[in-house]
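Novice: Can you read through this structure? Questions will come right after.
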Amino acid sequence: MRNKEKRRYIIQLSGIVQGVGFRPYIYQKAKEYRICGWVNNTGARVVMDVEANRGALKSFLLDVIKNPPILAKIEKVSIRMHNEMGYNSFEIRHSDKELSKIKLISPDISVCYKCMEEVFNPDSRRYRYAFTNCTECGPRYTIIKSLPYDRKNTSMNPFSLCEHCRDEYSNPKSRRFHTQPNCCSHCGPTLFLMNQRGKEISCWDVIHKTAELIGEGKIVAIKGMGGFHLCCDAQNEEAISQIRQRKNRPHKPLAIMVKDIEVVYKYCELTQLEQEVLMNPRRPIVLLKKKSKCILPGNIAPYQNRLGIMLPYLPIHHMLFEGNTECLVMTSANRSGSALQYKNATALANLGKVADYFLLHNRDIHNPIDDSVIKIIENKEMFSRRARGYIPYAKNMGIQDEILALGAEQKSTFSISQNGYIYFSSYLGDLKDKDSYDLYKRILKNFTVLIHSTPKIVAHDSHPKYLSTRYAKTQEGHRIAIQHHHAHMVSCMAEHALSEKVIGVIFDGTGLGTDGTIWGGEFLVGDRRDFIRWGYLKPVLLQGGDSTIHEPWKTAVSYLYSIRHDPKSFLKNISHLDVDIIQQALAFKYNCHLSSSMGRLFDCVSALIGIREHITYDAQAAIELENIADPNINTGYYYLINQRENIFELDYERIILGILEDLENAVLPSIISARFHDTISNATVEIICKIRDSVQLNQVVLSGGVFENSYLLQSVYKKLKAKDFDVFFNQQIPINDSGISFGQIVIADEIMKR
Ligand SMILES: [Zn+2]
Ligand SMILES: [Zn+2]
Ligand SMILES: [Zn+2]
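The number in our numbering is simply the position in the sequence shown, starting from 1, with 279 added.
Structure (structure tokens):
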């Protein structure tokens, strides 16, 4: 009778099951429910062969599926019944040598509270040990070299487990059972503190000493999980201005790390969701609204109404907050505009003039990665930068070909498809910087090795001068050029599983159009394969090449020239001679190009109203224009929409004339900014309505870097919702150019299917 109730199932679980403690977890559950058999892990799947009476098996399975390990994500369960084997124990089998079809690798996770209890417990053998981790926390992606995820395939390989750690590793009851980076102060990596000349500082506790130095106003470069941070006391205005001077970064906001959530409430207003994202074990930087009376030094984030804040995620971070410090500047350690530093020797060489001291360790970072940046818009999580904690990102899109998509240029990423999945890389910086370009190539190589990819198809931007395009030309395989704004549109469609035709509004800085001009204020109608341009911002002749992006005043001169106005009385800080030179060049069409870029129109307005004539970081003029907008104003300027056959052209002339009139009447910049934003959102919605009348489509996707502007995004979103549109914007895949590679790969797949 008892035997009749017995069952044997072979169960496969797929998803994120590597490096998350799945095997030990199953082992413990099997013991709990008196299950016999075995569990194995083949990369993307956990396979178990389990035998027990029916009731126990059912409870076991429900428990495993409902309460998997904290880092795991089960995407698929398959169960097959087999004849009994008569197992009488349960065992864990070693990682299968055979590589599985889908390789989902866990991202890096912040240290858990159980590990931190040990770090702060003087009786624990891990007291004050900076590399403490367990199956539920610690480094994963940053240390992995190849699959399967075993210690020998990570940068923990040089460190042999001591007897104690080995016991934990092989004891199924330990929470460090099969923890690949398991270590302690006897056997694991160590920290050391150096001055800028590379001389080691001797002291009883390097973290304590580091905290002391920071307290004295010093700048310390700290090697963390994905790379180096530059760190100083965030309440010390002088130290912050030192970082700014030495990094040659006068205005770009600096991220801060605060002791705990209570401290965040002192400086920022936050919603429930913002608090949840901030406290997520993946520990992103969250952009939070500054309190009106925020007492932190203004030079952390000048001219910003948001602060980029994260909570501690490494034992080092927690220990730095032991004293009175509650807030640290933690900015990615690089020279201005250059790639993240992640190696001891190069950090010492390249940051010697920036940092006073270096807190280093001897574990290699194999896959360097920046901190992620998230903001909450319309109560939705929206990535500005998808990186540490959220990479590798793999999404099943049913793509069968192995395709490599190389992204754009300024905010580079790549995507690779394999066995249905798209793997999306972290944000890798501006390829025009040599170090960033080298990093891009390195991470790309690491990743193709990691997943054993040999793509036969290479998708790239249609701009021939982008370095990603030039790189594509060095690759073997069939190349497909993808229009920049179509890639933005499809990045958003793919994320939201839209495959039918949509109306796409792509507001962007620059991107090459199909007619050879620069686009960026685009209204497209299309699907994942093709599009038709239904509308655009009226093109203007812009003088100057790439330099105009850094000098919004030149863009303002070009715009005013096109409507026969002299900008001299508005551009108060620009010499008349300089303005004359640009005007003459425009008259002769010397070094000029046509552009419908919405980003440049924002630059023009920012310069005209005296916010920013020159910029020191990407999109600064537009960001500061957004930040001053008075949300109580909702009276836009007049605008015209020209219609030629089925093309709608947003004419900027009356908008600029309205702004000039306001300027002559000394209207406040905060009001002008709000009126301008309101005008653009009104005109955008009107054009979309006209397109809907013609094409009978109701789904709208909003994408492109200009929509990083939350004020504009929310305004357009709300107005479209009020007109019963289904509206989508990028959330998981960034709305800026780092989302481009994701769109490219989906379009390339559609083209190949054709
Ligand atoms: Zn832990
Ligand atoms: Zn040890
Ligand atoms: Zn773009």
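The beta-carbon is built from N, C-alpha and C at its ideal position, and this holds for glycine as well. Please read all numbers here as calculations on a predicted model, not as lab measurements.
1. Can you tell me whether Glu447 sits near ligand 1, meaning its C-beta is under 6 Å from at least one heavy atom of the ligand?
2. Roughly how many angstroms separate the alpha carbons of Glu377 and Asn698, rounded to a whole number?
3. Going along the chain, which unbroken runs of the beta strand (DSSP E) with 3 or more residues stay wholly within the stretch 337 to 418?
4. For Pro1013 and Glu330, I'd like the C-alpha separation in whole angstroms.
5. For Ala673, which of Ser293, Tyr288, Tyr621 has the nearest alpha-carbon?
6. Since Val964 and Lys998 are thought to touch, with beta carbons under 8 Å apart, how far apart are those beta carbons, to the nearest angstrom?
7. Grab the span of the alpha helix (DSSP H) containing Thr827 for me, first residue to last.
8. Between Cys462 and ligand 1, is the CB less than 6 Å from at least one heavy atom?
9. Looking at C-alpha atoms only, which residue of Val565, Arg561, Ile564, Arg585 is the closest neighbour of Lys572?
10. Hey, Thr692 and Ser1017: beta-carbon distance below 7 Å or not?
11. Would Ile1024 pass as a contact of Ile761 if the rule is Cβ separation under 7 Å?
12. Measuring alpha carbon to alpha carbon, tell me which of Asn450, Cys462, Tyr869, Arg419 ends up nearest Ala409.
13. Quick check on Ala331: does DSSP put it in helix, strand or coil?
14. Distance check for Glu903 and Val556, CA to CA, integer angstroms please.
15. Can you tell me where the alpha helix (DSSP H) with Ala760 in it begins and where it stops?
16. Please state the DSSP three-state secondary structure of Ser425.
17. Using the C-alpha atoms, what's the distance from Lys452 back to Asn367?
18. Three or more beta-carbon pairs under 8 Å between the stretch 804 to 816 and the stretch 887 to 907, yes or no?
19. With 7 Å set as the bound, which would you pick, yes or no: does the beta-carbon of Pro560 sit closer than that to a beta-carbon of chain B?
20. If you reduce the DSSP assignment to three classes, tell me which class Leu630 lands in.
21. Please confirm whether Leu566 and Lys659 have their CB atoms less than 7 Å apart.
22. What are the residues that DSSP puts in a beta bridge with Lys654?
23. Going by the DSSP bridge assignment, what does Leu729 pair with across the sheet?
24. Could you give the first and the last residue of the continuous alpha helix (DSSP H) run that contains Met598?
25. Indicate whether Val985 and Gly823 have their beta-carbon atoms separated by less than 7 Å.
26. Between the Cα of Asn641 and those of Lys488, Asp859, Ile730, Ser464, spot the shortest distance and give me the residue it belongs to.
27. I need the straight-line Cα distance from Asn412 to Ser449, nearest angstrom please.
28. Could you give the uninterrupted runs of the alpha helix (DSSP H) lying entirely in the stretch 662 to 731, keeping only those of 4 residues or more?
29. Is there contact here, the stretch 700 to 710 with the stretch 722 to 729, by at least three beta-carbon pairs under 8 Å?
30. Can you tell me which of the three DSSP states Ile224 falls into?
31. Are Glu516 and Asn603 touching if we call contact CB-CB under 7 Å?
32. Are at least three pairs of beta-carbons, each pair with one atom in the stretch 522 to 531 and one in the stretch 663 to 677, less than 8 Å apart?
33. Let me confirm a value: His956 is counted as buried when at least 16 other C-beta atoms fall within 10 Å, else exposed. Which label applies?
34. Is it true that the stretch 634 to 649 meets the stretch 411 to 425, where meeting means three or more beta-carbon pairs spaced less than 8 Å apart?
35. Since Tyr448 is in the beta strand (DSSP E), which residue starts that stretch and which ends it?
36. Alpha carbon to alpha carbon, how far is Gly708 from Tyr312?
Specialist: The relevant details are as follows:
1. no
2. With a pLDDT of only 42 at Glu377, under the threshold of 50, the placement of this residue in the model should not be trusted; the figure read from the coordinates follows. Going from the Cα of Glu377 to the Cα of Asn698 covers about 16 Å.
3. 352 to 361, 369 to 371
4. 46 Å
5. Ser293
6. 4 Å
7. 826 to 829
8. no
9. Arg585
10. yes
11. no
12. Cys462
13. strand
14. 25 Å
15. Not the alpha helix (DSSP H): Ala760 falls in the beta strand (DSSP E), residues 757 to 761.
16. coil
17. 19 Å
18. no
19. Here there is only one protein chain, and chain B is not present.
20. helix
21. no
22. Met661
23. BP columns for Leu729 are empty, so no partner.
24. 594 to 599
25. no
26. Ser464
27. 16 Å
28. 713 to 730
29. yes
30. No statement about residue 224 is possible, as the shown extent of the chain runs from 280 to 1033 and does not include it.
31. no
32. no
33. buried
34. yes
35. That residue, Tyr448, is in no beta strand (DSSP E); its alpha helix (DSSP H) goes 442 to 449.
36. 50 Å
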